Amino acid sequence: MGKKADKELIIGGIRTDQRLPDQMRDVEMEVGVITSSNGSAKVSFGKTTAIASVHGPRSLFPKFLQESTTGIMRCRYNMAPFSVDDRKSPGPDRRSTELSKVIRQSFQPTLMLEDYPKATVDTFIEVIEADGSTRVTGINALSLALASAGIPMKDLVAACSVGKIDDTLIVDLNGLEDNNSESDVAVAMMPRKNIVTLLQMDGVLTKEEFMTLLNTAKKSCNKIFEQQQATLMEKYKGDE
Ligand code: ADP
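Residues in the sequence shown are numbered consecutively from 1, following this note's numbering.
Written as structure tokens, this is what we have:
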């Protein structure tokens, strides 16, 4: 992050996984992957796969955590030990604590939990394969899982990563690109309302580069949003 790559990662305009700079990896989405949860989804961006599970709204204990006028949402992001080549030590660490917090915040503007005072919606993201951009993959999965759990939301949340490697602006960083990027930016947004709900940047960009990347990210989030909608429609068609 925030450094020049040791080797060339873009040769003749093509990335190491044969993508063009503005090309996302193949995106796969599935809703209803865990029968015991209220809502669940699995999303893959290439070799990165995250599963999200939603439980609630349900009573929140201990009671002193309850909010009398609204429900709350809690989130736990976790990367499985087997999700990366070098085994990741299990359990929470500083990175997963930070990601759990920013992912929760990226849903705060869309959730309408006023009808569920004193309740909690507990959400879990498990990254089962990590090849870059896990936080945004997890957010896309959680958005589908919350919708399938019937949690009232003003809009879905769609997310993607953008960045700069070898002086080239790119979208959807894989693990190699992420580790060698001059800059990487995670973006989540409410696409219909055009509200950005997560913006995190590592490294250095000029203002022009940043604005170009933000526009690219918005376009990619809109594509992801269309696929999220199509996935939900396909799952629930005929349920009315
Ligand atoms: P994101 O996954 O959202 O891009 P980071 O920038 O923190 O978040 O991580 C980039 C990538 O680095 C991850 O997607 C994963 O492929 C790899 N990675 C992160 N943490 C570890 C770890 N503990 N061990 C091995 N690889 C890791």
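We treat Cβ as the ideally placed atom computed from N, Cα and C, and that holds for glycine. Every value quoted in this text rests on a predicted model; they were computed, and no experiment measured them.
Exercise. Should Val136 be counted as a contact of the ligand ADP given a C-beta to heavy atom distance under 7 Å?
Worked result: As a first step, residue 136 is located in the sequence shown; it is residue number 136 there, counting from the start. Yes, the ligand ADP has a heavy atom inside 7 Å of this Cβ.
Exercise. What's the call for Ser59, buried or exposed, on a 16-neighbour Cβ count within 10 Å?
Worked result: Position 59 of the sequence shown holds residue 59. By the neighbour-count rule (16 or more Cβ atoms within 10 Å), Ser59 is not buried but exposed.
For this session: Output yes or no for whether 8 Å exceeds the beta carbon distance between Leu111 and Val54.
Result: Translated into the one-based positions of the sequence shown, residue 111 becomes position 111. Translated into the one-based positions of the sequence shown, residue 54 becomes position 54. No, the Cβ-Cβ distance between Leu111 and Val54 is not below 8 Å.
Exercise. What residues are listed by DSSP as bridge partners for Cys260?
Worked result: In the structure as shown, the chain begins at 1 and stops at 240. Residue 260 is therefore absent and cannot be evaluated.
For this session: Starting from the Cα of Lys47, find the closest Cα among Asn215, Thr137, Thr231, Leu144 and give me that residue.
Result: Taking the sequence shown and counting its residues from 1, one reaches residue 47 at position 47. Per the Cα distances, Thr137.
For this session: Can you check DSSP and say which residues form a bridge with Val185?
Result: The count along the sequence shown starts at 1 and reaches residue 185 at position 185. Looking at the DSSP assignment, Val185 forms a beta bridge with Val162, Met201.
For this session: Can you tell me the Cβ-Cβ gap for Phe107 and Val157, rounded? I've got them flagged as a contact below 8 Å.
Result: Sequence index remark: in the sequence shown, residue 107 carries index 107 (1-based). Sequence index remark: in the sequence shown, residue 157 carries index 157 (1-based). That pair is a contact at about 6 Å.
For this session: Using a Cβ-Cβ cut-off of 8 Å, state whether Ser106 counts as contacting chain B.
Result: Here there is only one protein chain, and chain B is not present.
Exercise. Taking Cβ positions, are Val190 and Lys218 nearer each other than 8 Å?
Worked result: Locating residue 190 in the sequence shown gives position 190, counting from the first residue. Locating residue 218 in the sequence shown gives position 218, counting from the first residue. It is Met, not Val, that sits at residue 190 in the sequence shown. A distance of 8 Å or more separates the beta carbons of Met190 and Lys218.
Problem set entry | Where the alpha helix (DSSP H) through Glu30 begins and ends | If you number the sequence shown from 1, residue 30 lands on position 30. From DSSP, Glu30 is part of no alpha helix (DSSP H) but of the beta strand (DSSP E) over 27-31.
For this session: Inspect the beta-carbon positions of Ala80 and Val127 and report whether they are closer than 8 Å.
Result: Within the sequence shown, residue 80 is the residue found at index 80, counting from 1. Within the sequence shown, residue 127 is the residue found at index 127, counting from 1. In contact: Ala80 and Val127 (Cβ atoms closer than 8 Å).
Exercise. Around the C-beta of Glu182, are 16 or more other C-beta atoms found within 10 angstroms, so that it is buried, or is it exposed?
Worked result: To locate residue 182, count along the sequence shown from 1; it is residue 182. Glu182 sits buried, since 16 or more C-beta atoms from the chains shown fall within 10 Å of its C-beta.
For this session: Kindly provide the ranges of any alpha helix (DSSP H) runs that are 4 or more residues long and lie completely inside the stretch 26-114, ordered along the chain.
Result: 94-107, all fully within the stretch 26-114.
Exercise. If you follow the alpha helix (DSSP H) that Thr216 is part of, which residue opens it and which one closes it?
Worked result: Working through the sequence shown from its first residue, we reach residue 216 at position 216. Residues 207-236.
For this session: Using three-state DSSP, classify Ile170 as helix, strand or coil.
Result: As a first step, residue 170 is located in the sequence shown; it is residue number 170 there, counting from the start. The answer is strand: DSSP assigns Ile170 an E or B state.
Exercise. What did DSSP end up calling Ile14 once you bin it into helix, strand or coil?
Worked result: Position 14 of the sequence shown, counting from 1, holds the residue named residue 14. The DSSP-derived three-state label of Ile14 is strand.
For this session: Tell me whether Leu173 counts as near the ligand ATP, meaning its Cβ is closer than 7 Å to at least one heavy atom of that ligand.
Result: With respect to small molecules bound, the structure shown includes the ligand ADP and not the ligand ATP.
Problem set entry | Span separating the alpha-carbon of Gly71 from that of Leu65 | Your numbering for residue 71 matches position 71 in the sequence shown. Your numbering for residue 65 matches position 65 in the sequence shown. Spanning the two alpha carbons is a distance of roughly 10 Å.
Problem set entry | CA-to-CA distance, Leu173 to Glu8, given in whole angstroms | Within the sequence shown, numbered from 1, the residue matching residue 8 stands at position 8. Within the sequence shown, numbered from 1, the residue matching residue 173 stands at position 173. Each residue's Cα considered, the two are about 15 Å apart.
For this session: With distances taken Cα to Cα, identify the nearest neighbour of Phe225 among Ile139, Asn179, Asn180, Ile165.
Result: Walking along the sequence shown from the start, residue 225 turns up at place 225. Among Ile139, Asn179, Asn180, Ile165, the Cα nearest to that of Phe225 is on Ile139.
Exercise. What are the start and end residues of the alpha helix (DSSP H) that includes Asn140?
Worked result: Numbered from its first residue, the sequence shown carries residue 140 at position 140. Taken as a continuous stretch (DSSP letters only), the alpha helix (DSSP H) holding Asn140 covers 134-148.
For this session: Decide if the stretch 228-235 is in contact with the stretch 24-35; the criterion is three or more beta carbon pairs, one per stretch, under 8 Å apart.
Result: Of all C-beta pairs linking the stretch 228-235 to the stretch 24-35, three or more are shorter than 8 Å, placing the two stretches in contact.
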